[in-house]
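Please read the structure below before turning to the comments.
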Amino acid sequence: MPELPEVEVVRAGLEPAFVGARIDSVEVFDHRSLKRHDARRGDFVGLLQGRTVLSAERRGKFMWFPLDSGDALVTHLGMSGQVLLRESAAEPDRHLRIRYAITHPEYGELAVCFVDQRIFGSMAVDELVEQDVGGGQVLVPSQAAHIALDPIDPNFDDEVFISRLRKKSTGVKRALLDQTLLSGVGNIYADESLWAARIHGEKPADSLSKPKARELLAEVRLVLTKALAEGGTSFDEQYVNVNGESGYFSHSLNAYGQQGTPCPRCGTPIRRVTFMNRGSHFCPRCQKK
DNA sequence: CTCGTGGCCTGATCGC
DNA sequence: TGCGATCAGGCCACGA
């Protein structure tokens, strides 16, 4: 379940060999993996062939690669997406959906492979639009322009987030998962942040005091930063980083997937309830509504 | 406008 | 042994 830390690990892993490379050819094995691509902009393959990758960018769970054409190759991993760097002659991975043959001036011929079991993820070629983020103008793909900055972005404005969060009439967890409020947080890190801040996910966001909202943001940042330092969270080999090596943050989860095991803070068994069509894990003693 | 739900998707697992 | 039901949850379209 790639969230911000996992996506950042993929972005950083691709950067050395993909940036500066030329895309020689593109094979699309399943067109459902192009659902984010607007065909009115042109043929996906045609827009990519012969182009050179200029950089590797990320905001929240969106990743994109600006091209020398002025467009960008946009990637969202969804639930089970991976981008793997392979030798040109490597056997195709299971669930391979899109394959890019590239040539890098230093590393030579390689394959960038988009592998996605459940096809919730997708790639697209999109135009870059200018956006004012307070710290200046940035370029962002049009389809990711509605997403808020993520909390580890240097331009993220804490006070704006806290003020908007405290006006939401919905539960705190739903607000944390709202990518237009703050991006990059998914189910795992939402549960972990709420546990760390001792907040029940169904507590109304507009009932949070300002200090409590600040504390929550600090915990979100800490959880994401720690996960990033440990290389992302991995379950069932679903998430694999760019070389095919699993992330390993799962051992340090305090709430997510820990139902029945004692809360590391107070010893009360962690509970799991279904909420928003997904599992929510919390300590019934530390996190009261 | 805001908020909440359903649909997309595959494979592992479970009960009968 | 086989088979249908259930579960996992990212984003987005749509209805209230």
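So for the first sequence, our numbering puts the first residue at 78; every next one is plus one. Backbone N, C-alpha and C fix where the C-beta goes; we use that ideal spot for every residue, glycine too. All figures in this text were calculated on a predicted structure; none of them were measured in a lab.
Buried or exposed by the 16-neighbour rule on C-beta atoms within 10 Å, applied to residue i
i, result
"D120", "exposed"
"N264", "buried"
"Q214", "exposed"
"V202", "buried"
"E80", "buried"
"G147", "exposed"
Separation of residue j from residue i, as counted between CA atoms
i, j, result
"R349", "G334", "8 Å"
"W417", "E92", "The requested residue 417 does not occur in the structure, where the chain is confined to residues 78 to 366."
"Y325", "H358", "With a pLDDT of 49 at Y325, under the threshold of 50, the modelled position of that residue is not reliable, and no figure is offered here."
"L254", "E104", "34 Å"
"K21", "L293", "In the structure as shown, the chain begins at 78 and stops at 366. Residue 21 is therefore absent and cannot be evaluated."
"H172", "C343", "43 Å"
"A188", "A178", "5 Å"
"H114", "M200", "7 Å"
"R118", "G185", "30 Å"
Residue i - DSSP class collapsed to helix/strand/coil
i, result
"F352", "strand"
"Y333", "coil"
"I196", "coil"
"K125", "One point to set straight first is that residue 125 is Leu, not Lys, in the sequence displayed. DSSP places L125 in helix when its eight states are reduced to three."
"Y325", "With a pLDDT of only 49 at Y325, under the threshold of 50, the placement of this residue in the model should not be trusted; the figure read from the coordinates follows. Y325: coil per DSSP, three-state reduction."
"R113", "coil"
"P228", "coil"
Residue i - partner residues in DSSP beta bridges
i, result
"Q214", "D209"
"S357", "V350"
"C190", "L161 and R176"
"H153", "F139 and S199"
"H181", "G185"
Endpoints, alpha helix (DSSP H) assigned at residue i
i, result
"G90", "L81 to F95"
Start-to-end residues for the beta strand (DSSP E) that takes in residue i
i, result
"E134", "E134 to R136"
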